[in-house]
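**Q** One structure, as structure tokens, below. Some questions next.
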Amino acid sequence: MKNTIFAILMVWLLTGCSAPVQDDFIGRSMDVAKQQAVLMAEYLNKYPDRLPRTYNPSLDSIITSNSKWWCSGFFPGVLWYVYEHHNDENLKQLAETYQARVEKEKYNTYDHDIGFQIYCSFGNAFRLTKDETYKDVILTAAHSATKRFNESIGLIKSWDSRPNKWQYPVIIDNMMNLELLMRGFHLTGDSLYYHVAVNHADSTLKHHFRPDYSSYHVVSYDTLSGLPHAKNTHQGAFDESIWARGQVWGLYGYVVMYRETGYERYLDQAVNIANLLIDHPNMPEDKIPYWDFSAKEIPNTNRDASAAAIMASALIELSGYVDTSLKEKYLSVAEIQLKTLSTPEYLAEPGSNGFFILKRGVGHLPAGSEVDVPLTYADYYFVEALLRFKRL
Ligand code: GLY
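Per the numbering used here, the sequence shown runs over residues 9 to 400.
Put into structure tokens, the structure is as follows:
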């Protein structure tokens, strides 16, 4: 033992006492996440039923929502991940308190966002605690999610709005609801959940993608023929553009569907999307995508931290399903993304940034809404990705 310590001391002295100190970016960022999440929870304590959405820096105002907003499950999910990392009972209690504000969305049949709302909150709760009451919430939600599935079209309808423009709109984001359905299938064995999830994934694969594997944001289906009658964008730069967050919702969704079914066609789709984005000439060196890969203003336009966080999380999981050279490619991109997001350019100073963890997200740029601001979903996928990277 004495000899070992002596040897370490000698190496240290001979190398000039300056061995490089590795940046523990995961530990640092998870500490910021904990501080911000606790501050946010304290702030929201006086606003019953409200959940964080974003922050308006010029007014120093935290923008909240009720549970119906698609983002309501993300803050409880952040609390569960922070609890998982720090193993602090206080964080568990906060997660339970804030997810209770979302629970009624288990009956949501008014849009497709139930997967985000319930799986990011109660899905993590059940994963970490195995509490049967959380399982019941997941199963009720999975059942609700099947209600928006049309058998002859083979897809879950996203929105009921704008019926004059879209008969049966399905957005690429909808791929993110399939994990809830697949959990419903695995927990009950009821093939309805599997049927809905696999049909949705297959129909999306067929109609939502261009030959280069980029995807449209909105595809609307003719309710008589069951075929697309419109392919548009809602939040992207233009109909044929490569809206960054839409691409990474698709990537993440097919990674999940490969994990849940083992079908190679989903793995191939995920690999093709990942390669398109990583090799795209408009992907910056620091791997934080512009809000739209096709934005005419590049490089003089906004980056989207949320797209980077979602992509990093998906790439880390995907790296576990591919050969060594792709694995290295995906992990090196995810690592750059997480390290960049852990710099002061993106990571908040505790106590600032409306108690959100990340800065610089883009919600809906064409509408001038939520541009260069924190977004609760950027925080969620960032902490998820950090913990996935830590587990490697
Ligand atoms: N699902 C909405 C969004 O990604 O902005």
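Every residue, glycine too, gets a C-beta built ideally from N, C-alpha and C.
(1) Does the structure place the region 187-195 close enough to the region 222-234 that three or more beta carbon pairs sit under 8 Å?
(2) Thinking C-beta only, is Pro297 closer than 8 Å to Ala316?
(3) Can you determine whether any heavy atom of the ligand GLY sits closer than 7 Å to the C-beta of Arg218, and answer yes or no?
(4) In this structure, what does DSSP give as the bridge partners for Tyr298?
(5) Comparing alpha-carbon positions, which option in Lys165, Glu104 and Arg170 lies nearest Tyr142?
(6) What did DSSP end up calling Arg267 once you bin it into helix, strand or coil?
(7) For the beta strand (DSSP E) containing Ala238, name the first residue and the last one.
(8) Just curious, the beta strand (DSSP E) that Pro358 is in, first and last residue?
(9) Looking at the unbroken beta strand (DSSP E) that takes in His372, where does it start and where does it end?
(10) Say yes only if the C-beta of Glu78 is nearer than 7 Å to one or more non-hydrogen atoms of the ligand GLY, and no if none qualify.
(11) Count the other CB atoms, across all protein chains shown, that sit within 10 Å of the CB of Asp247; report buried if there are 16 or more and exposed otherwise.
(12) Give the DSSP bridge partners of Ile344, in chain order.
(13) Taking the beta carbon of Asp121 as the centre, do at least 16 other beta carbons fall within 10 Å, making it buried, or is it exposed?
(14) Would you kindly report the start and end of the unbroken alpha helix (DSSP H) that includes Glu92?
(15) Find out if the Cβ-Cβ distance for the pair Leu213, Gln277 is shorter than 8 Å.
(16) Between which two residues does the beta strand (DSSP E) containing Ser73 stretch?
(17) Measure the CB-CB distance between Tyr262 and Tyr274 and report whether it falls below 8 Å.
(18) To the nearest angstrom, report how far apart Ile365 and Ile164 are at their CA atoms.
(19) Is Asn281 helix, strand or coil by DSSP?
(20) Which residue or residues does DSSP assign as beta-bridge partners of Phe217?
(21) Which word fits Asn53, buried or exposed, when buried means at least 16 other C-beta atoms lie within 10 angstroms of its C-beta?
(22) What span of residues does the alpha helix (DSSP H) with Ser160 cover, start to end?
(23) How far does the beta strand (DSSP E) with Arg58 in it reach, from first residue to last?
(24) On the DSSP bridge assignment, give the partners of Asn64 in chain order.
(25) Since Leu383 sits in a beta bridge, which residues does DSSP pair it with?
(26) When you compare each of Pro307, Pro358, Val279 and Glu357 to Met319 by their alpha carbons, which one comes out closest?
(27) Please say whether Asn207 and Gly162 have beta carbons closer to each other than 8 Å?
(28) For Ser233, does the count of other Cβ atoms within 10 angstroms reach 16, so buried, or fall short, so exposed?
(29) Ser377 bridges to which residues according to DSSP?
(30) Using a 10 Å radius around the Cβ and a threshold of 16 neighbouring Cβ atoms, would you call Thr72 buried or exposed?
(31) If distances are taken between C-alpha atoms only, which option among Lys155, Thr154, Ala45 and Tyr115 comes closest to Tyr106?
(32) According to the Cβ coordinates, are Gly81 and Phe124 closer than 8 Å?
(33) Should Gly371 be counted as a contact of the ligand GLY given a C-beta to heavy atom distance under 7 Å?
(34) Within 10 Å of its beta-carbon, does Gly197 have 16 or more other beta-carbons around it, so buried, or fewer, so exposed?
(35) Would you mind sorting His61 into buried or exposed? The rule is 16 or more other CB atoms within 10 Å of its CB.
(36) Among all residues, which have a Cβ less than 5 Å from at least one non-hydrogen atom of the ligand SAM, and in what chain order do they fall?
**A** According to the structure data:
(1) These segments do not touch.
(2) Mapped onto the sequence shown, residue 316 falls at position 308. Mapped onto the sequence shown, residue 297 falls at position 289. Judged by their CB atoms, Ala316 and Pro297 are nearer to each other than the 8 Å cut-off.
(3) Residue numbering aside, residue 218 sits at position 210 when the sequence shown is read from its first letter. Outside the cutoff, so no.
(4) Here residue 298 refers to the residue found at position 290 when the sequence shown is read from its first residue. DSSP output for Tyr298 lists Arg311 as bridge partner(s).
(5) As a working mapping, residue 142 is identified with position 134 in the sequence shown. Distances from the CA of Tyr142 to each of Lys165, Glu104 and Arg170 were compared; the closest alpha carbon is that of Glu104.
(6) In the sequence shown, counting from the first residue as 1, residue 267 sits at position 259. In this structure, Arg267 counts as helix in the three-state DSSP scheme.
(7) The residue you call residue 238 lines up with position 230 of the sequence shown. Its beta strand (DSSP E) spans residues Pro236 to Asn240.
(8) Counting from one through the sequence shown, the residue named residue 358 turns up at place 350. Premise fails: Pro358 is in no beta strand (DSSP E) and is neither H nor E.
(9) One-based indexing of the sequence shown puts residue 372 at position 364. Here the beta strand (DSSP E) through His372 covers Gly369 to His372.
(10) Position 70 of the sequence shown holds residue 78. The sequence shown places Trp at residue 78, not Glu. Within the chosen limit of 7 Å, the ligand GLY reaches the beta carbon of Trp78 through at least one heavy atom.
(11) Mapped onto the sequence shown, residue 247 falls at position 239. So Asp247 counts as exposed.
(12) For the purposes of this step, residue 344 is taken as residue 336 along the sequence shown, with counting starting at 1. Per DSSP, none; premise fails for Ile344.
(13) To locate residue 121, count along the sequence shown from 1; it is residue 113. Buried is the call here.
(14) To locate residue 92, count along the sequence shown from 1; it is residue 84. Note, Glu92: alpha helix (DSSP H), Phe82 to His94.
(15) Here residue 213 corresponds to residue number 205 of the sequence shown, with the count starting at 1. Here residue 277 corresponds to residue number 269 of the sequence shown, with the count starting at 1. Going by C-beta atoms, Leu213 is nearer than 8 Å to Gln277.
(16) Locating residue 73 in the sequence shown gives position 65, where the first residue counts as 1. It spans Ser69 to Ser73 - the beta strand (DSSP E) in which Ser73 sits, taken as one unbroken run.
(17) Counting from one through the sequence shown, the residue named residue 262 turns up at place 254. Counting from one through the sequence shown, the residue named residue 274 turns up at place 266. For Tyr262 and Tyr274, yes; Cβs fall inside 8 Å.
(18) Position 357 of the sequence shown, counted from the first residue, corresponds to residue 365. Position 156 of the sequence shown, counted from the first residue, corresponds to residue 164. If I take the Cα positions, the gap works out to 32 Å.
(19) In the sequence shown, counting from the first residue as 1, residue 281 sits at position 273. The residue you asked about is not Asn; residue 281 is Ile in the sequence shown. In this structure, Ile281 counts as helix in the three-state DSSP scheme.
(20) Counted from its first residue, the sequence shown places residue 217 at position 209. In DSSP, Phe217 forms a bridge with Ser223.
(21) Your numbering for residue 53 matches position 45 in the sequence shown. By the 10 Å Cβ count, Asn53 comes out exposed.
(22) Reading the sequence shown from its first residue, position 152 is the one you call residue 160. Segment: none, Ser160 is in no alpha helix (DSSP H) and carries neither H nor E.
(23) Counted from its first residue, the sequence shown places residue 58 at position 50. Boundaries for Arg58: no beta strand (DSSP E) harbours it, and the DSSP string shows neither H nor E there.
(24) To locate residue 64, count along the sequence shown from 1; it is residue 56. Ser69.
(25) Looking up residue 383 in the sequence shown gives position 375. In DSSP, Leu383 forms a bridge with Thr62.
(26) Translated into positions along the sequence shown, residue 319 becomes position 311. Ranking the options by Cα distance to Met319, first place goes to Val279.
(27) For the purposes of this step, residue 162 is identified with residue 154 of the sequence shown, where counting begins at 1. For the purposes of this step, residue 207 is identified with residue 199 of the sequence shown, where counting begins at 1. In this structure, Asn207 lies closer than 8 Å to Gly162 by Cβ.
(28) As a first step, residue 233 must be located in the sequence shown, where it is residue number 225. Exposed, by the Cβ-count rule.
(29) Residue mapping note: residue 377 aligns to position 369 of the sequence shown, counting from 1. His372.
(30) As a first step, residue 72 is located in the sequence shown; it is residue number 64 there, counting from the start. When all chains shown are included, Thr72 counts as buried.
(31) For this step, residue 106 is matched to residue 98 along the sequence shown. Its Cα nearest to that of Tyr106, the residue Ala45 stands out among Lys155, Thr154, Ala45 and Tyr115.
(32) Locating residue 81 in the sequence shown gives position 73, counting from the first residue. Locating residue 124 in the sequence shown gives position 116, counting from the first residue. Yes; because the gap between Cβ atoms is below 8 Å, this pair is in contact.
(33) Here residue 371 refers to the residue found at position 363 when the sequence shown is read from its first residue. Checking the Cβ of Gly371 against the ligand GLY gives yes.
(34) As a position in the sequence shown, residue 197 is number 189, starting the count at 1. Looking at its Cβ environment, which holds fewer than 16 other Cβ atoms inside 10 Å, Gly197 is exposed.
(35) Taking the first residue of the sequence shown as position 1, residue 61 is located at position 53. Strictly speaking, residue 61 in this sequence is Arg, with His absent from that position. It counts as buried.
(36) The ligand SAM is absent from the structure shown, which contains only the ligand GLY.
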